[in-house]
Each structure stands twice: as C-alpha cells, then as structure tokens.
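Novice:
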Ligand SMILES: [Zn+2]
Ligand SMILES: [Zn+2]
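Residue numbers (this note's numbering): 2 to 260.
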C-alpha cells in the first residue's frame with residue numbers, strides 16, 4: 002500500500018561501509034528536516050528526490066559531526082505520499098542520537114522549520130505508511146515517538162510532535178492508496194532537464210504540441226540548454242497546470258500531459 006521509492010529510483014549512493022543489521026526495535030522515531038524546505042515542494046516531487054539525495058550527501062560528508070556510512074534514516078516520507086528507502090528495515094539507523102538507535106527505527110518527514118512547515122494529509126499518510134512498512138518488514142514494535150523524546154532537539158517540530166502524541170492517527174480524508182493508471186504509465190518515464198538528450202524528449206514535444214503549445218522541432222530528441230523557446234513552453238505548461246515554474250519536465254508533467 003505504501004508507494005515505495007527504491008534506492009535505485011532516487012539515485013542513492015551505495016553505503017561507504019557495511020551497515021549493522023538489527024533484528025527488531027521497540028518502535029519508530031519520527032524526524033523532520035528542520036531548516037528551510039521550499040513550499041514549492043508540494044507541487045514538485047522531483048524536489049523531494051533532490052532533497053533526499055542532498056541529505057544523503059550531507060550525512061556521508063560529515064554534516065552531522067562524524068561522516069555516516071549512508072543516509073541516517075531508515076525511511077523518508079514525502080508530501081506526495083511516497084516512502085523513500087533510506088537504510089531500510091533491519092538496519093541500525095544513525096539519526097536518534099548515540100545509544101538510542103537500536104531501540105527505534107528513524108523515519109524522516111520532508112517538512113521543515115521554515116517554508117513548508119505544516120505537514121499535509123498526504124505527508125501524514127506517508128509517515129504512517131512508513132511506520133507500517135517497518136512493522137511489517139523490520140519487526141518494529143508498537144511505540145511511535147519523536148526525536149525529542151530522550152534527546153535534546155526541537156525535532157520533529159511542534160506540529161508533528163503534537164500529532165505523534167495523539168498516536169499518529171491517519172488523516173480522515175480519504176485518499177487513493179493505489180496509483181492512477183496514468184501514474185502507473187509514467188513511472189518509468191524520465192525527468193528531462195535542459196541539456197537532456199533522450200528519445201522521450203520527442204514524446205514531450207508531441208505532448209506539448211497536443212496541448213496547444215508550439216515546440217519548433219517535433220522530431221528532435223534533444224532538450225538543449227540553448228533552446229529557450231522549449232524551456233519557456235515547459236515552464237508555461239507547468240504554470241498552467243499549477244506544477245511550479247521550473248523548466249524541468251518531471252513526473253508530475255507526464256501525469257498532467259497524459260491525464
Ligand atoms: Zn531528528
Ligand atoms: Zn514527493
């Protein structure tokens with residue numbers, strides 16, 4: 002039921018050394034990114050992918066005092082109800098604080114202390130999906146805690162912490178738990194940024210054309226950095242569909258263009 006984003010799908014680097022395995026935990030601790038998360042993240046899942054990658058780079062480069070062997074969290078929940086595999090189940094995390102990692106798995110929620118700070122329903126669902134995934138596949142116990150339980154930190158922020166204290170209930174709104182056929186269709190289509198050379202650039206041009214835009218060369222498989230006309234059309238399409246204003250043709254664009 003959780004929509005899992007595999008390490009290959011988000012472009013994870015391999016761990017720098019073998020990670021310690023664990024049989025089970027008492028439960029799960031929830032974290033937030035802290036710092037600034039741009040509000041545009043809710044419109045662009047690609048920003049989630051970029052953020053998870055940058056957190057892994059930061060953790061492995063020593064951004065949390067000593068370099069970690071991998072991203073510190075077991076799973077990461079995003080505002081599009083997707084669950085990224087970090088270290089995954091049955092692996093010791095490096096996020097709760099010294100001496101606290103074997104008792105609880107760590108789930109990161111992509112919400113900050115400025116910008117995007119109010120966890121939406123889809124993000125809350127994703128956190129619960131992640132917790133259930135760790136219970137099912139990692140023998141996690143029933144406890145749900147925040148990072149600040151037993152450790153001096155603001156994490157996971159007051160809003161998430163208050164929700165955790167209420168037992169981390171699923172939001173009442175009903176949300177689809179299975180991807181629509183278009184989401185299923187586009188899951189293997191690439192993200193295309195200026196500079197991309199890919200046969201599906203031609204597909205993107207054809208879809209833009211079908212939607213009333215006027216890409217110059219319908220047969221070209223190149224989205225060159227110099228092609229400011231095409232970039233402007235991508236940005237205009239995204240703006241019209243409320244998908245942000247970047248010139249990156251991502252998954253949300255494929256879904257919008259094919260829906
Ligand atoms: Zn934390
Ligand atoms: Zn996302």
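We treat Cβ as the ideally placed atom computed from N, Cα and C, and that holds for glycine.
Can you list the beta strand (DSSP E) stretches of 3 or more residues lying completely in the region 14 to 68, in chain order?
Specialist: 26 to 33
Novice: Could you spell out where the beta strand (DSSP E) holding residue 96 opens and where it closes?
Specialist: No beta strand (DSSP E) contains residue 96, which DSSP labels as neither H nor E.
Novice: Which same chain residues, not among the five before or five after residue 191, have their C-beta less than 6 Å away from its C-beta?
Specialist: The beta carbon of residue 191 sits closer than 6 Å to those of 199 and 201, all from its chain and outside the five residues before and after it, given in chain order.
Novice: Who are the Cβ neighbours of residue 82 in its own chain at under 6 Å, not counting the five residues just before and after it?
Specialist: Cβ within range, chain order: 123, 126 and 127.
Novice: Based on Cα-Cα distance, which residue from 226, 237 and 195 lies nearest to residue 212?
Specialist: 237
Novice: For the beta strand (DSSP E) holding residue 202, just list the boundary residues, first then last.
Specialist: For residue 202, no beta strand (DSSP E) segment is defined; the enclosing uninterrupted segment is the alpha helix (DSSP H) at 200 to 211.
Novice: In this structure, does DSSP put residue 106 in helix, strand or coil?
Specialist: strand
Novice: Can you tell me where the alpha helix (DSSP H) with residue 254 in it begins and where it stops?
Specialist: Per DSSP, residue 254 belongs to the alpha helix (DSSP H) from 252 to 259.
Novice: CB of residue 220 to nearest heavy atom of ligand 1: below 6 Å?
Specialist: no
Novice: Residue 75 and residue 89 look like a contact to me (Cβ under 8 Å); what is the Cβ gap, rounded to whole Å?
Specialist: 6 Å
Novice: Considering only heavy atoms of ligand 2 and the C-beta of each residue, which residues fall inside 6 Å, strictly closer?
Specialist: 46, 49, 79, 80, 81 and 83
Novice: Which word fits residue 130, buried or exposed, when buried means at least 16 other C-beta atoms lie within 10 angstroms of its C-beta?
Specialist: buried
Novice: Where does residue 235 fall in DSSP's three states?
Specialist: helix
Novice: Could you tell me the boundaries of the alpha helix (DSSP H) in which residue 129 lies?
Specialist: From DSSP, the alpha helix (DSSP H) with residue 129 extends over 122 to 139.
Novice: At a threshold of 6 Å, does residue 210 count as lining ligand 1 (C-beta to nearest heavy atom)?
Specialist: Result no, Cβ not under 6 Å from ligand 1.
Novice: May I ask whether a heavy atom of ligand 1 can be found less than 6 Å away from the beta carbon of residue 94?
Specialist: no
Novice: Taking only heavy atoms of ligand 1 into account, decide whether any of them is closer than 6 Å to the Cβ of residue 254.
Specialist: no
Novice: I'd like to know whether the C-beta atoms of residue 187 and residue 250 end up nearer to each other than 7 Å.
Specialist: no
Novice: Going by DSSP, which residues form a beta bridge with residue 84?
Specialist: BP columns for residue 84 point to 5 and 78.
Novice: Leaving out the 5 sequence neighbours to the left and right, which residues in its chain are closer than 8 Å to residue 144 when beta-carbon positions are compared?
Specialist: Excluding sequence neighbours, residue 144 sits near 27, 28, 29 and 105.
Novice: I'd like to know whether the C-beta atoms of residue 193 and residue 92 end up nearer to each other than 7 Å.
Specialist: Using a Cβ distance threshold of 7 Å, residue 193 and residue 92 do not count as a contacting pair.
Novice: Would the C-beta of residue 32 count as close to ligand 1, meaning under 6 Å from any of its heavy atoms?
Specialist: yes
Novice: Drop a sphere of 10 angstroms on the beta-carbon of residue 62, count the other beta-carbons inside from all chains shown, and report buried for 16 or more, exposed for fewer.
Specialist: exposed
Novice: Measure the alpha-carbon distance for residue 53 versus residue 113 and round it to whole angstroms.
Specialist: 13 Å
Novice: By how many angstroms is the C-alpha of residue 38 removed from the C-alpha of residue 116?
Specialist: 5 Å
Novice: Taking C-alpha atoms, which residue in 17, 5 and 33 lies nearest to residue 149?
Specialist: Scanning 17, 5 and 33 for the CA closest to the CA of residue 149 turns up 33.
Novice: Looking only at DSSP bridge pairs, what is residue 117 linked to?
Specialist: According to DSSP, which records beta bridges pairwise, residue 117 is partnered with nothing at all.
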